[in-house]
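If you want the numbering used here, it's the 1-based position in the sequence shown plus 25.
We put the CB at the ideal spot given by N, CA and C, even for glycine.
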Amino acid sequence: MAVEYTHEEQLQDAIKTLRETGVRITPQRQAVLQYLIEHHTHPTADEIYKALASQFSNMSVATVYNNLKVFKETGLIKELTYGDAASRFDFDNSNHYHIICSECGKISDFHYPRLDEVESIAEHITSYAVTHHRMEIYGICPECQSKKKK
Numbered sequence: 026m027a028v029e030y031t032h033e034e035q036l037q038d039a040i041k042t043l044r045e046t047g048v049r050i051t052p053q054r055q056a057v058l059q060y061l062i063e064h065h066t067h068p069t070a071d072e073i074y075k076a077l078a079s080q081f082s083n084m085s086v087a088t089v090y091n092n093l094k095v096f097k098e099t100g101l102i103k104e105l106t107y108g109d110a111a112s113r114f115d116f117d118n119s120n121h122y123h124i125i126c127s128e129c130g131k132i133s134d135f136h137y138p139r140l141d142e143v144e145s146i147a148e149h150i151t152s153y154a155v156t157h158h159r160m161e162i163y164g165i166c167p168e169c170q171s172k173k174k175k
């Protein structure tokens with residue numbers, strides 16, 4: 026059975042990781058990190074900025090981007106890019122997949138362990154040394170389905 030960590034434990038583990046790599050922990054950096062841990066909406070940098078700007082008079086969108094870059098470089102987050110849309114960021118680094126609403130753009134996580142077999146099958150068939158894979162599924166989320174019915 027997987028052990029669930031509280032948001033506070035996740036935050037403290039992430040701060041420890043940052044400190045171990047020589048990253049200074051500023052209040053803004055901690056706030057961006059906490060936002061990512063607490064919101065599983067795969068936010069954009071702009072969404073994070075809008076949510077936190079009122080708490081920090083000296084925060085800019087560039088501050089948020091710089092912090093996201095640091096988190097990505099230390100392996101704390103994943104950057105999700107979908108075509109021309111703004112990058113979204115995911116604190117959940119476990120192997121999981123995303124289903125994306127083609128109406129509103131909402132991204133939801135789902136886990137399906139057997140899909141990991143795709144990598145070994147691809148290696149076997151092609152002789153590539155597979156490093157990772159990414160799969161996205163598109164559909165219409167329950168909220169958008171409800172709106173269409175009305």
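Asked                                                                           : Found
Residues that DSSP places opposite I162 in a beta bridge                        : I124
CB of H123 within 9 Å of CB of H64, strictly                                    : no
According to DSSP, residues forming a beta bridge with L105                     : R113
Alpha carbon of Y74 to alpha carbon of V89, nearest angstrom                    : 6 Å
Rounded C-alpha distance that separates V155 from N118                          : 18 Å
Whole-angstrom distance between I125 and I132, CA atom to CA atom               : 5 Å
Alpha carbon of Q162 to alpha carbon of K173, nearest angstrom                  : The question names Gln, yet the displayed sequence has Ile at residue 162. C-alpha separation (whole angstroms): 20 Å.
Assigned secondary structure, F135 (DSSP; H/G/I helix, E/B strand, else coil)   : strand
Contact belief for D115 with K97 at Cβ below 8 Å, rounded distance in angstroms : Going by Cβ atoms, the distance from D115 to K97 rounds to 10 Å, so no, they are not a contact pair.
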